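Just so you know, the sequences run in chain order E and U.
101 is the number that the numbering used here gives to position 101 of the first sequence; each next residue is one higher, with no gaps.
306 is the number that the numbering used here gives to position 163 of the second sequence; each next residue is one higher, with no gaps.
Note that the Cβ used here is the ideal one computed from N, Cα and C, for glycine as well.
It should be emphasised that the depicted structure is a prediction, and the values quoted were computed from it without experimental measurement.
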Amino acid sequence: MVVKQISVFIENTEGSLKKAINAISNEKINIRALSIADGAEFGILRLIVTDNEKTKKILKNNGFILRENEVIVIGIPDEPNGLNTLLDILEGEKINLEYVYAFANNKTDEAVVVIKVEDYKKAKKLLKSHNANLFDENDIANL
Amino acid sequence: MIWNEEMECMDPEKRKELQLERLKKVVKLAYDKVPFYHRKFDEIGLKVEDIQSLEDIQKIPFTTKDDLRAAYPFEMVAVPPEEIEEIHASSGTTGTATVTCYTKEDIDIWAEISARAIGMAEGEKRDKIQNCYGYGLFTGGFGIDHGARKFGAAVIPMSSGNTKRQLEIMRDFKPAILTCTPSYAMYLGEALEEEGYGPGDIHLKTGIFGAEMWTEEMRKRIENKLGIKALNIYGLTEIIGPGVSNECLERNGMHIQEDHFYPEIINPNTLEVLEDGQDGELVLTCLTKTGMPILRFRTRDITSLVHGKCKCGRTTVRMTRITGRTDDMMKIRGVMVFPSQIERGLLKVSKASPNYQIHVTRPDTLDEVEIKVEITPEMFSDEMKALDEIRYKIAKSISKEIALRVNVTLVEPGSLPRSEGKAVRVIDERNFK
Chain E
1 MVVKQISVFI ENTEGSLKKA INAISNEKIN IRALSIADGA EFGILRLIVT DNEKTKKILK
61 NNGFILRENE VIVIGIPDEP NGLNTLLDIL EGEKINLEYV YAFANNKTDE AVVVIKVEDY
121 KKAKKLLKSH NANLFDENDI ANL
Chain U
144 MIWNEEMECM DPEKRKELQL ERLKKVVKLA YDKVPFYHRK FDEIGLKVED IQSLEDIQKI
204 PFTTKDDLRA AYPFEMVAVP PEEIEEIHAS SGTTGTATVT CYTKEDIDIW AEISARAIGM
264 AEGEKRDKIQ NCYGYGLFTG GFGIDHGARK FGAAVIPMSS GNTKRQLEIM RDFKPAILTC
324 TPSYAMYLGE ALEEEGYGPG DIHLKTGIFG AEMWTEEMRK RIENKLGIKA LNIYGLTEII
384 GPGVSNECLE RNGMHIQEDH FYPEIINPNT LEVLEDGQDG ELVLTCLTKT GMPILRFRTR
444 DITSLVHGKC KCGRTTVRMT RITGRTDDMM KIRGVMVFPS QIERGLLKVS KASPNYQIHV
504 TRPDTLDEVE IKVEITPEMF SDEMKALDEI RYKIAKSISK EIALRVNVTL VEPGSLPRSE
564 GKAVRVIDER NFK
């Protein structure tokens, strides 16, 4: 049940983001989800893709600095309060969120949420005990 | 090994005699053959015969970088064109290039001092030297090349760039000595690691690094990354090129090749000659070069001299690591700042990459310092918070060194410009007009 996200250092200069995205899409790798954290001079591009190894290789060859780390990807009903229920569960156990981003799943009515927490193991265990719909790599590939 | 025991371990008194004899000769050559020196001597009524002791050298006017620029390209040459064998020039990044012309004998002197440096780096005739200094007008590549040939070691003339190939050759050809700029050595070490190799996969024992300023912290890093002893080499195009001085394995100051170059340290403001151990501007006189004799050249490099016999057995005077240049000393908010201080602060934060650039601006009335640091894989995180923390740590560490608040920006690797393999460290955008 592990999903790995790739984060890329992006300088806030013209064409920098485009260069990274182009490099990936030229290799026919599908970007399933994407978010950008932006600071004043640089940003962090976070990606969920179908082929991590290939993506890492291409980005490295293009001179990008990157990091791969585990995130929790979870399907929630696409309805009011869907996200809130999830947040309540985590808050109840005082699990801090580092960041959250979401995207819609085309094939089902679910919304998909990517979360990064301080205590990954604890969060995972907790969500499982609440029968949350946790995604693994195969689920990502089939989105 | 000591390449030239007679000259490198000579009794200091005897060496002074040799220096005086050579000084008298070169002063006469300069006065007779170079109009610039003829004029300079005549202007102050100085005669060649007035130089009777080594101390008398202080009567001779200084030669500055501007003098050499004004002499562009060949005004300082003391011999007919048919005797010139090789020509080099500085990059000209800070103004008109300065040109140096070498006779066959000059090239041999250059080869000799460079061979001595290879000797200091534990060189053996069976060794291969991976020379990644740029080959071209820049003196780095050819200086080491001439020395390796004289020494009898095999030179691999890589020149700079193409890191992947450099690492391949380093693993396959098994060179024992690496020669390049310290920043490139660091880069090679990092790239080696990135490819999944380490010091155990290469056969380097020493490195001879120079052509830019570096610090003890950086030395430690290079030594760890490559598993070598990293030695500091010093030289400049105006004098001859690399090898004017070089560190022995003691790594405790660079031995100046005193039979060829006479060093003095002056106070850059009052121009008085300073004692041993005092920091000041290095002034060099070429005692033996004939193609372009240079007297009392103000190098702008800040160092100090240490006399006395070294543990290695050499008796030549040592100069300490260059800590700054009189012309790259920045005055920021009235405080004297050298790039080397900033580098020290940067490297104290263990995760920081040594590739950096200093931008000084004056948006309103106050100076602002921004340090751009190329991000490394170790520094990077998927969380903005962690990146901000690193920036803060670097900024704090640098502020401690220079007593000024600075702003740190992280930039993409390889995005900071380099010229001829030398990192461009300072961009001063203040407008003082």
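Beta carbon proximity, residue i to chain E, threshold 8 angstroms
i	result
Ile272 of chain U	no
Ser388 of chain U	no
Glu359 of chain U	no
Pro520 of chain U	yes
Met527 of chain U	yes
Phe440 of chain U	no
Ser524 of chain U	yes
Same chain only: Cβ atoms within 6 angstroms of residue i, ignoring 5 sequence neighbours per side
i	result
His650 of chain U	As displayed, chain U neither begins before 144 nor continues past 576, which places residue 650 of chain U out of reach and without an answer.
Val73 of chain E	Val3, Val114, Phe135
Ile36 of chain E	Gly43, Leu45
Gly370 of chain U	Pro342
Arg505 of chain U	Arg573
Ala328 of chain U	Gly350, Phe352, Ile365
Thr428 of chain U	Tyr405, Leu438, Arg439
Nearest residue (CA-CA) to residue i, options the options
i	options	result
Leu97 of chain E	E:Lys122, E:Leu47, E:Lys18, E:Thr55	E:Lys122
Glu311 of chain U	U:Gln273, U:Thr508, U:Val478, U:Arg394	U:Gln273
Glu336 of chain U	U:Glu381, U:Thr306, U:Met473	U:Thr306
Thr85 of chain E	E:Glu53, E:Thr50, E:Leu127, E:Tyr99	E:Leu127
Val298 of chain U	U:Thr282, U:Pro482, U:Phe281, U:Asp270	U:Asp270
Lys452 of chain U	U:Glu255, U:Ile227, U:Leu189, U:Cys391	U:Cys391
Asn106 of chain E	E:Gly75, E:Ile21, E:Val100, E:Gly39	E:Gly75
Thr442 of chain U	U:Ala258, U:Pro411, U:Ala232, U:Glu415	U:Pro411
Glu513 of chain U	U:Ala538, U:Asp507, U:Asn375	U:Ala538
Neighbour flag for residue i against chain U, beta carbons, 8 angstroms
i	result
Ile65 of chain E	yes
Ser7 of chain E	yes
Glu93 of chain E	no
Asn61 of chain E	no
Lys57 of chain E	no
Asn69 of chain E	yes
Close beta carbons around residue i, own chain, < 8 angstroms, minus the five adjacent residues each side
i	result
Glu267 of chain U	Met144, Ala296, Ala319
Tyr609 of chain U	Missing from the structure shown is residue 609 of chain U; chain U here goes from 144 to 576 and no further.
Gly557 of chain U	Glu517
Trp253 of chain U	Tyr245, Gly286, His289, Gly290, Ile383, Gly384, Gly386
Tyr120 of chain E	Glu70, Ile72
Asp193 of chain U	Asp199, Lys202
Lys308 of chain U	Just to set this straight, residue 308 of chain U is Arg in the shown sequence, not Lys. Closer than 8 angstroms at Cβ, skipping near neighbours: Met301.
Leu197 of chain U	Lys159, Gln162, Leu163, Leu166, Tyr405
Ser542 of chain U	Gly488, Arg548, Val549
Phe316 of chain U	Lys271, Gln273, Ile299
Residues of its chain near residue i, where Cβ-Cβ distance is below 7 angstroms and the 5 sequence neighbours each way are ignored
i	result
Arg165 of chain U	Leu430, Thr431
Leu161 of chain U	Asp402
Lys171 of chain U	Val191
Leu553 of chain U	Val516, Ile518, Leu530, Arg534
Ile6 of chain E	Leu47, Val49, Asn52, Thr55, Lys56, Leu66, Glu68
Asp344 of chain U	Arg314
Met219 of chain U	Val177, Phe179, Leu211, Met435
Leu417 of chain U	Ile408, Ile409, Asn410, Gly423
Glu248 of chain U	Thr433
Phe523 of chain U	none
Glu338 of chain U	Leu310
Leu17 of chain E	Ile10, Leu45
Give a yes or no on contact between the stretch 240-251 of chain U and the stretch 294-313 of chain U, applying the rule of three or more CB pairs nearer than 8 angstroms. no
Could you name the residues of the stretch 540-564 of chain U whose beta carbon sits closer than 9 angstroms to any beta carbon of chain E, in the order they occur along the chain? Thr552, Leu553, Val554, Glu555, Pro556, Gly557, Ser558
Compile a chain-ordered list of the residues in the stretch 22-55 of chain E whose CB is closer than 7 angstroms to at least one CB of chain U. Ala37, Gly39, Glu41, Phe42, Ile44, Arg46
Identify each residue in the stretch 308-325 of chain U for which the Cβ-Cβ distance to at least one residue of chain E is less than 9 angstroms, and report them in chain order. none
Kindly confirm or deny that the stretch 432-446 of chain U and the stretch 198-215 of chain U touch, where touching means at least three C-beta pairs closer than 8 angstroms. yes
Check distances from the C-beta atoms of the stretch 9-21 of chain E to those of chain U and list, in chain order, the residues that come in under 9 angstroms. Phe9, Ile10, Glu11, Thr13, Ser16
Pairing CB atoms from the stretch 146-161 of chain U with CB atoms from the stretch 77-91 of chain E, are three or more of them under 8 angstroms? no
Taking three-plus beta-carbon pairs below 8 angstroms as touching, is the stretch 46-61 of chain E in contact with the stretch 24-32 of chain E? The stretch 24-32 of chain E and the stretch 46-61 of chain E touch, with three or more beta-carbon pairs separated by less than 8 angstroms.
Check distances from the C-beta atoms of the stretch 76-108 of chain E to those of chain U and list, in chain order, the residues that come in under 8 angstroms. Here the close residues are Glu98, Tyr99.
For the stretch 396-412 of chain U, list every residue whose C-beta sits within 8 angstroms of some C-beta in chain E, in sequence order. none
Could you list the residues in the stretch 109-125 of chain E with a C-beta less than 9 angstroms from some C-beta on chain U, going in chain order? Lys116
Okay, do the stretch 331-348 of chain U and the stretch 457-473 of chain U touch, 3+ Cβ pairs below 8 angstroms being the bar? Between the stretch 331-348 of chain U and the stretch 457-473 of chain U there are fewer than three inter-stretch CB-CB distances shorter than 8 angstroms, so the stretches are not counted as touching.
Any chance the stretch 172-180 of chain U sits against the stretch 471-482 of chain U, with 3 or more Cβ pairs inside 8 angstroms? no
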